[in-house]
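Here is the structure we will look at, set down as structure tokens.
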Amino acid sequence: MTSLPIPMAIELRGLTFRYPTGRVALDDVRCAIAQGERVAVVGPSGAGKSTLLMHLNGLLPMPSVATDDTVQVFIQSLGVTKGRLRDVRRQIGFLFQDPDDQLFCPTVREDVAFGPLNLGLDQAEVLVRVDQSLIAVGLPEHGPRNPSQLSTGERKRVCLAGVLACDPAMLVLDEPTSNLDPRARRQLLEILRRFPGTQIIATHDLDFALELCPRVLVLDGGKLQADGPVEQVLANPNLMERHGLEVPWRLRAV
Amino acid sequence: MADNSHLVTQIRPCDAIPATARLALTLLVIVVSSLIPLEHWPAHGLLLVVVFAGLSLAGVTLGYLARRLMLFLPMLLVFGLSVPITQLHRESAWGWMVSLWLRCTISFLAGLWLIHVLPFPELLATLLRWRCPPLLVAMLAFMYRYIFILWDELARLRQAREARNFGSGSWRRDWVTNAQMIGLLLLRAMERAERTHQAMLARGWDGSPKFLGTEARKGE
């Protein structure tokens, strides 16, 4: 008996993107990420990490006419095109680098409710999701507060609650540990460990990548330079140095 | 972070008034002050006393009030001076100017009273109950959120300027730097608006604002 192949969570088929200034941000990036996989995307600043993540959510301009031959990004076998953006965004929860970009409502509760309300859920269901998400990130009492009164770590967790409230199948996180103190970083790590779905994490924090992700992609100059097991790739000093990175302390030979 | 030291936490008499009545009362004061005939001094004075009494009951301190008026009054003075300049042929031009100052001051103080007695999320909920266009309410909500962020941004820019000023700046140079800072703030605000829009799209924003119901807002 032959079993049906499980569709890949994410598939990039030669993803190429050029900004209006003419700068090539991504150049023929090809890879496939399986369901439930946790993958780190590392590389120097300007490597194209954030651009890559934004493509997964259809946040950057894409060709208006697209067939399955020309589509470059597939989410759960669904080609990301303008007409399918709503379905694609239902699947993916996107955490932005700066929490102030993502927290735009006057109170935490309203911000967490923003996504579920846009999904068209009824008020009772929205409230349940808001409460569950705030509990999941360890901030059940923060609903009535103004986001500007929270610390950076708390804001990040509220952002994550807003994403989790949409019940996404996968998480896409852009620099989740930037500006976090060790305790907030640890809390975030625990929350992400509990999330069962696929996770793509762009980060400069190689120790975080090492702790959380079994697989890593190295991006530099918009090109995919390496793709493999995290301990193997990050332990390669030549590769790391060539792409403006450093071997994490844990992997350095004593 | 915004300076909230003037906010009081004890129970005040105005807290017993329903939110809708607080908003209605403020609008009433503003409308009445606009409708009082020019140079009708007793009515102006009475309304001013009412507003000051309201501010006092709301626990607004004189120091805070003075600071806010210091920001507002210079603009008002310049604005009011346009009346005698443009209406020189009228005998009552100076009286009109004072009336205009009083009307604007009363409206400003009434608005100040409202922000002290009605938390902003509650104000938005009240506007929604009054069937105010949801898009306008959403814009007010964004403004309330981002005004703090822009303020913080401005504070950081000021700090960066002070750190490299070394006390050698002439007033002309200060003005040029201030103008550059405002320009930079505008650019940063635009960039942030772009990123925020992307964050909204990522969570299913389709251009039509949706809000939590009144039940869900309880406790805020």
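These protein sequences, in sequence, are chains A and B.
Sequence positions in the first sequence follow my numbering and run 1 to 254.
Sequence positions in the second sequence follow my numbering and run 255 to 474.
For glycine and all other residues, C-beta sits at the position ideal for the given N, C-alpha and C.
Practice problem: Could you spell out where the beta strand (DSSP E) holding I360(B) opens and where it closes? | Solution: Sequence index remark: in the second sequence, residue 360(B) carries index 106 (1-based). First-last for I360(B): A347 to V371, but that is the alpha helix (DSSP H), not the beta strand (DSSP E).
Quiz item: With P36(A) and P196(A) assumed to form a contact (beta carbons below 8 Å), what rounded beta-carbon distance in angstroms separates them?
Solution: Translated into the one-based positions of the first sequence, residue 36(A) becomes position 36. Translated into the one-based positions of the first sequence, residue 196(A) becomes position 196. Just to set this straight, residue 36(A) is Gly in the shown sequence, not Pro. That pair is a contact at about 7 Å.
Self-check item: Given A273(B) as reference, the closest of E376(B), I401(B) and P267(B) once Cα atoms are compared
Solution: Residue numbering aside, residue 273(B) sits at position 19 when the second sequence is read from its first letter. Cα-wise, what sits closest to A273(B) is E376(B).
Practice problem: Kindly list the residues whose CB is nearer than 7 Å to the CB of S178(A), restricted to its own chain and excluding five residues on each side of it in sequence; keep chain order. | Solution: Along the first sequence, read from residue 1 onward, the residue named residue 178(A) stands at position 178. Correct list, in chain order: Q97.
Quiz item: Just by C-beta distance, which residues in the segment 355–384 of chain B are closer than 8 Å to chain A?
Solution: F374, P375 and L378
Quiz item: If you draw a straight line from the alpha carbon of P237(A) to that of L441(B), how long is it in whole angstroms?
Solution: Stepping through the first sequence from its first residue, residue 237(A) is reached at position 237. Stepping through the second sequence from its first residue, residue 441(B) is reached at position 187. The straight-line gap from Cα to Cα measures roughly 40 Å.
Quiz item: Along chain A, in chain order, which residues have C-beta atoms closer than 7 Å to that of T450(B)?
Solution: Working through the second sequence from its first residue, we reach residue 450(B) at position 196. Per Cβ cutoff of 7 Å: D101 and F104.
Quiz prompt | Proximal chain A residues relative to A453(B), where beta-carbon distance stays under 8 Å | solution = The residue labelled residue 453(B) in the question sits at position 199 within the second sequence. Within 8 Å Cβ-Cβ: F94, F96, D101, Q102 and F104.
Quiz item: Are the C-beta of D428(B) and some C-beta of chain A separated by less than 8 Å?
Solution: Within the second sequence, the letter at position 174 stands for residue 428(B). No, no contact with chain A.
Quiz prompt | Contact belief for V286(B) with L301(B) at Cβ below 8 Å, rounded distance in angstroms | solution = One-based indexing of the second sequence puts residue 286(B) at position 32. One-based indexing of the second sequence puts residue 301(B) at position 47. Right, the Cβ-Cβ distance comes to about 7 Å (below 8 Å), so this counts as a contact.
Quiz item: Which runs of the alpha helix (DSSP H) spanning at least 4 residues fall entirely within the segment 68–153 of chain A, listed in chain order?
Solution: 85–91, 99–102, 108–118 and 123–136
Self-check item: Helix, strand or coil at I10(A) according to DSSP, with G and I counted as helix
Solution: Here residue 10(A) corresponds to residue number 10 of the first sequence, with the count starting at 1. I10(A) falls in the strand class under three-state DSSP.
Practice problem: Could you say which of V314(B), Y398(B), S424(B) and S353(B) lies nearest to P338(B) if we only look at CA atoms? | Solution: Here residue 338(B) is taken as the residue at index 84 of the second sequence, counted from 1. Out of V314(B), Y398(B), S424(B) and S353(B), S353(B) has the C-alpha closest to the C-alpha of P338(B).
Quiz item: Can you tell me whether A256(B) is buried or exposed, with buried defined as 16 or more other CB within 10 angstroms of its CB?
Solution: Position 2 of the second sequence holds residue 256(B). Caution is warranted here: a pLDDT of 42 is assigned to A256(B), below 50, making its placement in the model unreliable, and the coordinate value is therefore given only provisionally. Per the 10 Å Cβ criterion, exposed.
Exercise. Put R478(B) into one of helix, strand or coil per three-state DSSP.
Key: Residue 478(B) lies beyond the stretch modelled for chain B, which goes from 255 to 474, so this question has no answer here.
Self-check item: Segment contact flag, the segment 217–232 of chain A with the segment 46–56 of chain A, C-beta cutoff 8 Å, min 3 pairs
Solution: yes
Self-check item: Residue closest to L206(A), alpha-carbon to alpha-carbon, out of T198(A), A184(A), A169(A) and G244(A)
Solution: As a working note, residue 206(A) is residue 206 in the first sequence. Of the listed residues, the one whose Cα sits closest to L206(A) is G244(A).
Quiz item: What does L411(B) touch in chain A if you count any residue whose Cβ is under 9 Å from its own?
Solution: Stepping through the second sequence from its first residue, residue 411(B) is reached at position 157. Chain A residues near L411(B): none, gap ~15 Å exceeds 9 Å.
Exercise. For V391(B), collect the residues of the same chain with a Cβ closer than 6 Å to its Cβ; drop the 5 residues on either side in sequence, then sort them by chain order.
Key: The count along the second sequence starts at 1 and reaches residue 391(B) at position 137. L378, L381 and L382.
Quiz prompt | Residue environment, H294(B), which counts as buried when at least 16 other CB atoms sit within 10 Å | solution = Taking the second sequence and counting its residues from 1, the one referred to as residue 294(B) is at position 40. It counts as exposed.
Exercise. Compare the C-beta of I265(B) against all C-beta atoms of chain D and say whether one is closer than 8 Å.
Key: Absent from the structure is chain D; the protein chains it does hold are A and B.
Practice problem: In the DSSP assignment, find the beta strand (DSSP E) that holds V39(A) and state where it starts and stops. | Solution: As a first step, residue 39(A) is located in the first sequence; it is residue number 39 there, counting from the start. Residues R38 to V42.
Quiz prompt | Simplified DSSP assignment, three categories, for Q199(A) | solution = Indexing the first sequence from 1 puts residue 199(A) at position 199. Of the three classes helix, strand and coil, the one that applies to Q199(A) here is strand, per DSSP.
Exercise. Would you list the residues sitting across from T220(A) in a DSSP beta bridge?
Key: Start at 1 with the first residue of the first sequence, and residue 220(A) comes out as number 220. The sequence given here places Asp at residue 220(A); Thr does not occur at that position. DSSP output for D220(A) lists K223(A) as bridge partner(s).
Practice problem: Name the one or two DSSP bridge partners that G313(B) has. | Solution: Your numbering for residue 313(B) matches position 59 in the second sequence. None; G313(B) has no bridge partner.
Quiz item: By a C-beta neighbour count over all protein chains shown, 10 Å radius and 16 as the cutoff for buried, is I436(B) buried or exposed?
Solution: For the purposes of this step, residue 436(B) is identified with residue 182 of the second sequence, where counting begins at 1. Exposed: under 16 other Cβ atoms inside 10 Å.
Quiz item: Just curious, the alpha helix (DSSP H) that I265(B) is in, first and last residue?
Solution: Within the second sequence, numbered from 1, the residue matching residue 265(B) stands at position 11. Unbroken run through I265(B): none, as it is neither H nor E.
Self-check item: P182(A) classed as buried or exposed, judged by whether at least 16 other C-beta atoms fall within 10 angstroms
Solution: Taking the first residue of the first sequence as 1, we reach residue 182(A) at position 182. The residue in question, P182(A), is exposed, as its Cβ has fewer than 16 Cβ neighbours within 10 Å.
Quiz item: CA-CA distance, R155(A) and V108(A)?
Solution: Numbered from its first residue, the first sequence carries residue 155(A) at position 155. Numbered from its first residue, the first sequence carries residue 108(A) at position 108. Each residue's alpha carbon lies about 9 Å from the other.
Quiz item: For A17(A), which residues does DSSP report across the bridge?
Solution: Working through the first sequence from its first residue, we reach residue 17(A) at position 17. Per the sequence presented here, residue 17(A) reads as Phe, with Ala not at that position. In DSSP, F17(A) forms a bridge with L26(A).
Quiz prompt | Presumed contact (8 Å Cβ cut-off) between G313(B) and R276(B), rounded CB distance | solution = Position 59 of the second sequence, counted from the start, is the residue given in the question as residue 313(B). Position 22 of the second sequence, counted from the start, is the residue given in the question as residue 276(B). In fact, because the Cβ distance is near 14 Å, the residues do not count as touching under 8 Å.
Practice problem: Starting from V172(A), follow the beta strand (DSSP E) in both directions and report where the run begins and ends. | Solution: Position 172 of the first sequence holds residue 172(A). Counting along the chain, the beta strand (DSSP E) containing V172(A) begins and ends at M170 to D174.
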